[in-house]
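Undergrad: The numbering of the sequence shown is the numbering used here, which starts it at 1245 and goes up by one.
The structure follows.
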Amino acid sequence: MINSCTNNSHKISFSSRNKLIRDADKVCRQVNISLPVFSSTRLDRFRTIKSSQKMRDYLNSLEDKIIRFRIFYINNKTNTLINMINGMKLTKTGNCGEIAEATRAALKMNNYNDVSTFALYAYNPYTQKIRDLDHTVTAINFSIPKNFDIGKETSIVYKDLLKPDKKAIIVDSWAGFVEYAKDCIIRYKTNVQLSAKIGKNDKLMFLPLVPFELGEKELSYLKSKYPDLILKKDSASVDTKIIKSIENTKNFKKLNNIYMNLAKNDEYVDSFLYKNPSKVKKVVFDGFNNIRRIIENMVK
């Protein structure tokens, strides 16, 4: 597994498009803020860190710590996910596998239903060779066939891997991005550790992993223990009923035209329509002048 370091030694960047991805971005950020972890593998590429015997000894001890931590939560058959996340918080260590599971839990805490974890593979269509990239990610809306054999332990072949559909979204808190699965290879080709493993003609393939148990009991505990992983109400899903009521009013077209003239990017549109639905509902029924005045104040 590729291990992680979520401190200031590297810059995490996030991009977003629609509301579903924007909210997943926020969850991704919160995982890295609430569960900051790092390990020897991520630091291993910095020559200056490895220059002294003291630092080499430290990295070795850190690697041993992660191994002991992993043995602890995997061997504990009950509350495995809870033990894992609590261990990440306590030891501040973990790799992409732990981060992917923690991200899956955080997304579930924010009412994302179709969430799974996957191992990442590279497939070359010309040579027909596949390579394990030794990396784990979280995915939203990734359609897994009902008869798919999850947890196969034999050698992985092409037919064991899945291609993402257009709706699948990758949430990679280790690398720090959320992207449609069909486009995320571009992200990985610019990643220091993964780029060396991905060839020019490679395509990304995904192997579903057996998830840790995450039922109502586990979710209830995690929501109580880690409330900061839950997005605030103004960052939650769009109130579609209110938006629909706005669209049905005679002032909506005028409202939209003002937006296009005043707002320079999606930030204003998002802040007005999505983050302040109660204000939107009020101003729509108060009249066009109030709508214009509030928008102008928000853009100033």
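Every residue, glycine too, gets a C-beta built ideally from N, C-alpha and C.
In this text the structure is predicted, and so the values were computed from the model without any measurement.
Can you tell which of 1474, 1366 and 1399 has the C-alpha that lies nearest to the C-alpha of residue 1443?
TA: Checking every option, the nearest Cα to that of residue 1443 belongs to 1366.
Undergrad: By DSSP, does residue 1360 sit in helix, in strand, or in coil?
TA: strand
Undergrad: Note down the Cα distance separating residue 1404 from residue 1372, rounded to an integer number of angstroms.
TA: 14 Å
Undergrad: Quick one: which unbroken beta strand (DSSP E) runs of 3-plus residues sit fully inside the region 1323–1349? Chain order, please.
TA: none
Undergrad: Hey, residue 1392 and residue 1412: beta-carbon distance below 7 Å or not?
TA: no
Undergrad: For residue 1416, does the three-state DSSP call read helix, strand or coil?
TA: strand
Undergrad: Hey, how far is the Cα of residue 1383 from the Cα of residue 1414?
TA: 5 Å
Undergrad: Rounded to a whole number of angstroms, what is the C-alpha to C-alpha distance between residue 1370 and residue 1342?
TA: 33 Å
Undergrad: Determine whether the beta carbon atoms of residue 1361 and residue 1344 lie at a separation below 7 Å.
TA: yes
Undergrad: Say yes only if the C-beta of residue 1473 is nearer than 6 Å to one or more non-hydrogen atoms of the ligand PLP, and no if none qualify.
TA: Ligands are entirely absent from the displayed structure, and the ligand PLP is therefore not among its contents.
Undergrad: Might you give, ordered along the chain, the residues of its own chain that have their beta carbon closer than 6 Å to the beta carbon of residue 1449, omitting 5 neighbours on each side?
TA: Only 1365, 1367 and 1405 meet the Cβ criterion.
Undergrad: According to DSSP, what are the bridge partners of residue 1423?
TA: 1414
Undergrad: Starting from residue 1383, follow its DSSP beta bridges and name the residues at the other end.
TA: 1360 and 1414
Undergrad: Return yes when the Cβ of residue 1417 is within less than 7 Å of the Cβ of residue 1276, no when it is not.
TA: yes
Undergrad: Which word fits residue 1402, buried or exposed, when buried means at least 16 other C-beta atoms lie within 10 angstroms of its C-beta?
TA: exposed
Undergrad: I think residue 1352 touches residue 1463, with their Cβ atoms under 8 Å apart; what is that distance to the nearest whole Å?
TA: 6 Å
Undergrad: Going along the chain, which residues of its own chain have a beta-carbon closer than 7 Å to the beta-carbon of residue 1333, five neighbours each way excluded?
TA: Cβ neighbours of residue 1333 beyond the five flanking positions: 1279.
Undergrad: What number of angstroms, rounded off, separates the C-alpha of residue 1272 from the C-alpha of residue 1420?
TA: 7 Å
Undergrad: How many angstroms separate the CA atom of residue 1376 from the CA atom of residue 1298?
TA: Taking C-alpha positions only, residue 1376 is separated from residue 1298 by approximately 33 Å.
Undergrad: Just to check my reading of the structure: residue 1379 and residue 1438 have Cβ atoms closer than 8 Å, yes? What is that Cβ distance to the nearest angstrom?
TA: 6 Å
Undergrad: Given that a residue counts as buried once 16 or more other Cβ atoms are within 10 Å of its Cβ, and exposed if not, what is residue 1423?
TA: Burial state of residue 1423 is buried, judged by a 10 Å Cβ sphere holding 16 or more other Cβ atoms.
Undergrad: Quick one: measure Cβ to Cβ for residue 1400 and residue 1374, integer angstroms, because I've assumed they're closer than 8 Å.
TA: 7 Å
Undergrad: How far does the beta strand (DSSP E) with residue 1447 in it reach, from first residue to last?
TA: 1447–1452
Undergrad: CA-CA distance, residue 1468 and residue 1476?
TA: 15 Å
Undergrad: For a cutoff of 7 Å on Cβ pairs, would you count residue 1307 as touching chain D?
TA: Of the chains in the structure shown, none is chain D; there is only one protein chain.
Undergrad: Under 7 Å, do residue 1349 and residue 1466 count as touching if we go by C-beta distance?
TA: yes
Undergrad: Give me the Cα-Cα distance between residue 1390 and residue 1308, rounded to the nearest whole angstrom.
TA: Residue 1390 and residue 1308 have their alpha carbons spaced roughly 38 Å apart.
Undergrad: Could you tell me the distance, in whole angstroms, from the CA atom of residue 1322 to the CA atom of residue 1335?
TA: A direct Cα-to-Cα measurement between residue 1322 and residue 1335 gives close to 20 Å.
Undergrad: Can the beta-carbon of residue 1310 be found closer than 7 Å to that of residue 1337?
TA: yes
Undergrad: When you compare only the Cα positions, how much space is there between residue 1357 and residue 1305?
TA: 38 Å
Undergrad: Reducing DSSP to helix, strand and coil, say where residue 1392 ends up.
TA: DSSP places residue 1392 in coil when its eight states are reduced to three.
Undergrad: So for residue 1442, helix, strand or coil by DSSP?
TA: The three-state secondary structure of residue 1442, taken from DSSP, is coil.
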